[in-house]
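*Asks:* Before I ask anything, let me first share the structure, which is written out below as structure tokens.
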Amino acid sequence: MQLTLITQAAFAALTADCYIPFNDYRFFGNSTHDSASLIEAAINDPNLGWAEMVTMPGNAYKIWPETPTHEHVIEFCYQDQESMDGLSFFLRGPATSGTARLGNLGQDRDTHDGELEDPRARNWNNAFSGRTVVIQDTRRHLPNYKGAHATLGFIPETWNSDDGRHNIYMNPDNYHYIMRPSIFAHELGDHYVSFRCEGLTGYERVKQEASTPTPDRGPIAMEDICNSPNLGSQFAFAATEYSTEYAYHGKDEFGRDIFGRAPLTRWKNGGPNFDPPKERTADNSVLLDYIAIPSPGDVEAIKVLYPWNG
1 MQLTLITQAA
11 FAALTADCYI
21 PFNDYRFFGN
31 STHDSASLIE
41 AAINDPNLGW
51 AEMVTMPGNA
61 YKIWPETPTH
71 EHVIEFCYQD
81 QESMDGLSFF
91 LRGPATSGTA
101 RLGNLGQDRD
111 THDGELEDPR
121 ARNWNNAFSG
131 RTVVIQDTRR
141 HLPNYKGAHA
151 TLGFIPETWN
161 SDDGRHNIYM
171 NPDNYHYIMR
181 PSIFAHELGD
191 HYVSFRCEGL
201 TGYERVKQEA
211 STPTPDRGPI
221 AMEDICNSPN
231 LGSQFAFAAT
241 EYSTEYAYHG
251 KDEFGRDIFG
261 RAPLTRWKNG
271 GPNFDPPKER
281 TADNSVLLDY
291 IAIPSPGDVE
301 AIKVLYPWNG
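Sequence positions in the sequence shown follow the UniProt record's numbering and run 1 to 310.
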């Protein structure tokens with residue numbers, strides 16, 4: 001009996017200090033999900049896995065590891081010659097916009113500067129580390145994908161040891177020629193940049209003004225101003241223009257081709273106190289077709305909002 005207890009205690013101590021695969025990062029509990037729910041979700045549907053952001057504890061995705069000289073160097077290469085020919089020009093702009101704010105790299109830093117080895121390789125080139133970020137032109141590899149996307153943070157080998165597991169996907173044709181470098185710099189930066197409202201010009205001015213009550217309002221917290229386009233506009237402080245948060249109420253919430261990709265519907269009996277069903281069916285909802293002319297409701301609204309004699 002004593003031997004059994006000692007064995008169990010030793011086993012428990014061992015598991016508490018072990019890394020993957022003995023302890024799996026995916027199932028670490030946190031403030032929003034306990035370990036049991038994470039395990040259940042993975043077992044029920046492994047294709048719908050869940051992971052935290054890079055800075056959250058217990059997540060396998062980390063910031064890029066340091067070199068022996070305490071530098072964070074991210075090496076990259078292009079998937080093939082076509083990706084290099086199609087994207088290298090546009091990547092110079094985003095890289096320049098970054099160094100303009102962050103400063104140039106040190107003279108003793110060894111960088112690629114666009115020099116690549118064997119860009120035509122179809123299999124992984126062993127001259128590159130498996131950690132290398134692979135840049136792909138989606139017009140060739142993912143023709144139906146628009147925009148830009150990048151894998152998040154550094155993926156350690158204990159989580160995924162595949163060569164080329166870090167990726168950047170780009171489709172320049174989705175943007176105006178002049179805007180491509182700045183768009184790529186913005187979209188790709190959203191995956192790695194931590195937006196801090198207090199770093200914006202005018203923050204202290206707005207903070208002082210907002211914290212002072214007026215006859216019309218009480219003090220307003222900067223957290224609210226930083227996250228609200230309406231409050232921000234009142235103080236001429238458009239923090240939401242720089243935030244990486246998704247603009248749920250932006251004018252581009254639904255794209256022009258949304259009717260072909262994700263048709264919209266409305267509830268037949270919707271209203272202020274309506275309790276929506278769990279599923280949309282032909283019996284409880286109506287498909288919203290694309291309307292190229294003002295609807296009857298649009299006409300009535302115009303009559304109410306503007307003087308109308310007709």
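Just so it is clear, CB atoms sit at the ideal spot from N, CA and C, and this is done for glycine as well.
#1: Do Thr132 and Tyr169 have their CB atoms nearer than 8 angstroms?
#2: Using CA atoms only, rank isn't needed, just tell me which of Gly199, Ala282, Ser83, Ile220 is closest to Glu209.
#3: In terms of residue numbering, what span does the beta strand (DSSP E) encompassing Ile225 cover?
#4: Helix, strand or coil: how does DSSP classify Ala150 here?
#5: Starting from the C-beta of Gly270, find all residues in its chain whose C-beta is less than 7 angstroms away, skip the five residues before and the five after it, and write them out in chain order.
#6: Drop a sphere of 10 angstroms on the beta-carbon of Gln79, count the other beta-carbons inside from all chains shown, and report buried for 16 or more, exposed for fewer.
#7: When the Cα atoms are used, what is the spatial distance from His149 to Ser129?
#8: If you draw a straight line from the alpha carbon of Tyr203 to that of Gly232, how long is it in whole angstroms?
#9: Which two residues bound the contiguous alpha helix (DSSP H) that contains Gln136?
#10: Return the first residue and the last residue of the beta strand (DSSP E) that Val286 is part of.
#11: Taking 8 angstroms as the threshold (beta carbon to beta carbon), is Asp298 in contact with chain B?
#12: Given a cut-off of 8 angstroms, decide if Pro172 and Ala87 are closer than it, judged by their beta-carbon atoms.
#13: Since Lys62 sits in a beta bridge, which residues does DSSP pair it with?
#14: Can you find the residues in the same chain that come closer than 8 angstroms, C-beta to C-beta, to Val134, ignoring five residues on each side of it along the sequence?
#15: Pick out whichever of Arg205, Glu223, Gln234 has its Cα sitting closest to the Cα of residue 311.
*Replies:* Answer, in terms of the structure:
#1: no
#2: Ile220
#3: Segment 222-227 is the alpha helix (DSSP H) holding Ile225; no beta strand (DSSP E) there.
#4: strand
#5: none
#6: buried
#7: 21 angstroms
#8: 11 angstroms
#9: Premise fails: Gln136 lies in the beta strand (DSSP E), 133-137, not in any alpha helix (DSSP H).
#10: 285-288
#11: Included in the structure is just one protein chain, with no chain B present.
#12: Reading off the sequence shown, one finds Leu at residue 87, where the question assumed Ala. Going by C-beta atoms, Leu87 is nearer than 8 angstroms to Pro172.
#13: Phe154
#14: Phe76, Cys77, Tyr78, Gln79, Gly164, His166, Asn167, Ile168
#15: Missing from the structure shown is residue 311; the chain here goes from 1 to 310 and no further.
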